[in-house]
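In what follows, a single structure is set out as structure tokens and then discussed.
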Amino acid sequence: MEQLIEIIKYIILGIIQGVTEIFPVSSSGHLTLFSHLFNMDLTNLTIFLMITNTGSFLALLYFFRKDVGQLIKGTWCYLIRKDETGKEDFVYASKLVIAVIPIGIFGLLFKDYLPNDLLSIGFALILTSLLLFYVYKQRDIQWKNEITWKNALVIGAFQMFAVFPGISRSGITMTGGLMQKIELKKVLKFSFLSYLVVSVPVSILGLYEAFNTNEPIHYLGYSLAFLMSFIFSLISVKFLYNYVKVKNLIYFSVYCLVVGIIAITLYYL
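Residues in the sequence shown are numbered from 160 upward in steps of one, following this note's numbering.
Right under this line is the structure:
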């Protein structure tokens with residue numbers, strides 16, 4: 160029975176990772192909260208976190224496979240074959256790289272010093288709630304479709320703060336884009352493609368750290384968590400990308416506020 164309960168915990172955490180990595184509600188915050196409820200220490204589950212994040216990465220890669228393929232093809236043609244028709248893809252890819260530099264540098268410098276307790280998670284979720292509410296209040300403005308170099312830099316600066324557990328990466332990048340009046344679907348696409356870019360070195364670093372840990376591996380639990388993370392990330396990104404509008408962000412704002420208050424309450428209990 161204990162083994163079955165343990166497997167169920169891994170499955171639930173995999174589902175949570177899959178959904179919350181996509182929705183603007185913070186995967187790190189939810190995993191910390193639920194690991195507390197399940198009496199599991201995620202700081203000792205390096206490989207587990209790497210595997211579930213990889214599940215989300217592969218789901219997004221599959222969903223945006225045509226966009227990724229076009230960007231790679233266009234960039235290759237422009238740089239290697241000097242084909243001007245690929246310039247637009249090269250410029251867009253360059254903007255993605257620019258946008259992930261801040262979070263890459265900030266993450267490497269401060270990843271070992273960031274708080275990861277329920278109190279800090281709670282306040283970070285409340286901050287995410289306030290940012291989403293601010294964007295929701297701007298829902299009636301005139302949106303634009305083009306992402307400029309300046310827009311990419313600003314989105315990158317916002318994304319940098321996503322290294323703080325409890326601050327949603329998709330939520331903070333969405334906020335950075337929408338504050339600049341960029342249309343929601345354009346922001347979501349840019350946000351998720353930048354996630355793919357930054358996930359490659361992060362996965363490699365995570366793999367390196369995983370090989371240097373003494374963490375015991377629950378093969379069945381980890382495998383099921385990976386599968387759940389992939390499936391629910393794919394379902395979530397399809398839903399978010401196709402159906403969510405700026406006016407719906409109020410629901411995510413309220414949700415983050417409630418979960419943030421719960422996390423703070425649990426910290427003091």
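By construction, the Cβ of each residue, glycine as well, lies at the ideal position given by its N, Cα and C atoms.
Cutoff 8 Å; reference Val294; Cβ partners in own chain excluding five residues on either side
One-based indexing of the sequence shown puts residue 294 at position 135. So the qualifying residues of the chain are Met333, Thr334, Leu337, Met338, Val405, Leu408.
Between the Cα of Ala321 and the Cα atoms of Ala311, Phe292, Lys344, Leu284, which residue gives the shortest distance?
Start at 1 with the first residue of the sequence shown, and residue 321 comes out as number 162. Residue Leu284 is the option with its Cα nearest to Ala321.
Comparing C-alpha positions only, which one of Asn401, Ile231, Gly188, Asp299 sits nearest to Phe323?
As a first step, residue 323 must be located in the sequence shown, where it is residue number 164. Closest option to Phe323, Cα to Cα, is Gly188.
Assigned secondary structure, Ile306 (DSSP; H/G/I helix, E/B strand, else coil)
The residue you call residue 306 lines up with position 147 of the sequence shown. Coil.
Alpha carbon to alpha carbon, how far is Ser218 from Ile164?
Numbered from its first residue, the sequence shown carries residue 218 at position 59. Numbered from its first residue, the sequence shown carries residue 164 at position 5. Note on identity: in this sequence residue 218 is Ala, with Ser being the wrong assignment. Cα to Cα, Ala218 sits roughly 27 Å from Ile164.
Whole alpha helix (DSSP H) elements within the region 186–214, 4-residue minimum
186–196
Does DSSP put Ile341 in a helix, in a strand, or in coil?
Mapped onto the sequence shown, residue 341 falls at position 182. Reduced to three states, the DSSP call for Ile341 is strand.
Nearest candidate by alpha-carbon position, reference Tyr402, set Ile166, Val250, Met319, Leu347:
If you number the sequence shown from 1, residue 402 lands on position 243. Among Ile166, Val250, Met319, Leu347, the Cα nearest to that of Tyr402 belongs to Leu347.
Alpha-carbon spacing of Pro360 relative to Ser329, whole angstroms
On the sequence shown, residue 360 is found 201 positions in, with the first residue counted as 1. On the sequence shown, residue 329 is found 170 positions in, with the first residue counted as 1. The straight-line gap from Cα to Cα measures roughly 18 Å.
In the DSSP assignment, find the alpha helix (DSSP H) that holds Asp226 and state where it starts and stops.
Residue numbering aside, residue 226 sits at position 67 when the sequence shown is read from its first letter. Unbroken alpha helix (DSSP H) run through Asp226: 224–238.
Checking 8 Å against the spacing of the C-beta atoms, do Glu247 and Lys303 come in under that value?
Residue numbering aside, residue 247 sits at position 88 when the sequence shown is read from its first letter. Residue numbering aside, residue 303 sits at position 144 when the sequence shown is read from its first letter. Not a contact, by the Cβ cut-off of 8 Å.
Count Cβ pairs between the region 208–216 and the region 382–392 that sit closer than 8 Å; are there 3 or more?
yes
Alpha carbon to alpha carbon, how far is Val259 from Met199?
Indexing the sequence shown from 1 puts residue 259 at position 100. Indexing the sequence shown from 1 puts residue 199 at position 40. If you take the alpha carbons of Val259 and Met199, they lie about 31 Å apart.
Mapping the DSSP letters down to three states, classify Lys241 as helix, strand or coil.
Here residue 241 is taken as the residue at index 82 of the sequence shown, counted from 1. Correct three-state label for Lys241: coil.
Among Leu291, Gly281, Arg298, Phe349, which one has its Cα closest to the Cα of Leu312?
By one-based count along the sequence shown, residue 312 stands at place 153. Nearest option by C-alpha distance: Phe349.
Is Gly177 helix, strand or coil when you go by DSSP?
Position 18 of the sequence shown, counted from the start, is the residue given in the question as residue 177. In the structure shown, Gly177 sits in a helix (DSSP, three-state: H, G or I).
Quick one: residues in its chain with C-beta nearer than 8 Å to the C-beta of Glu243, no 5 flanking neighbours on either side, listed in chain order?
As a first step, residue 243 is located in the sequence shown; it is residue number 84 there, counting from the start. Closer than 8 Å at the Cβ level, and outside the excluded window around Glu243, lie Tyr237.
Taking Ser358 as the reference, which of Leu190, Ile171, Ser186, Leu220 has the closest Cα?
If you number the sequence shown from 1, residue 358 lands on position 199. Comparing Cα positions, the closest option is Leu220.
Short Cβ contact (8 Å threshold) for Leu278 with Tyr414:
Position 119 of the sequence shown, counted from the start, is the residue given in the question as residue 278. Position 255 of the sequence shown, counted from the start, is the residue given in the question as residue 414. No.
For Tyr245 and Gly228, which I take to be in contact (beta-carbon distance under 8 Å), what is that distance rounded to the nearest angstrom?
Sequence index remark: in the sequence shown, residue 245 carries index 86 (1-based). Sequence index remark: in the sequence shown, residue 228 carries index 69 (1-based). For the sequence presented, residue 245 should be read as Gly rather than Tyr. Not confirmed; about 13 Å, so no contact.
Taking the continuous alpha helix (DSSP H) assigned at Phe323, which residues delimit it?
Your numbering for residue 323 matches position 164 in the sequence shown. Run containing Phe323: none; DSSP gives neither H nor E here.
Whole angstroms is fine: what's the gap from Lys344's alpha carbon to Glu161's?
Start at 1 with the first residue of the sequence shown, and residue 344 comes out as number 185. Start at 1 with the first residue of the sequence shown, and residue 161 comes out as number 2. One C-alpha to the other measures close to 44 Å.
Skipping 5 residues on each side, what residues in its chain have a beta carbon closer than 8 Å to that of Ile420?
Translated into positions along the sequence shown, residue 420 becomes position 261. Closer than 8 Å at the Cβ level, and outside the excluded window around Ile420, lie Gly281, Ile285.
Of the listed residues Phe292, Gly315, Thr191, nearest to Val356 (C-alpha basis):
The sequence position of residue 356 within the sequence shown is 197, counting from 1. The shortest C-alpha separation from Val356 is found at Gly315.
Unbroken alpha helix (DSSP H) runs of length 4 or more, entirely within the region 350–417: which are they?
378–402
Can you tell me whether Asn310 is buried or exposed? The criterion is at least 16 other CB atoms within 10 Å of its CB, across all chains shown.
If you number the sequence shown from 1, residue 310 lands on position 151. Buried: at least 16 other Cβ atoms inside 10 Å.
Compare the beta carbon distance of Phe223 and Phe389 with 8 Å and say whether it is the shorter of the two.
Translated into positions along the sequence shown, residue 223 becomes position 64. Translated into positions along the sequence shown, residue 389 becomes position 230. No. Outside cutoff.
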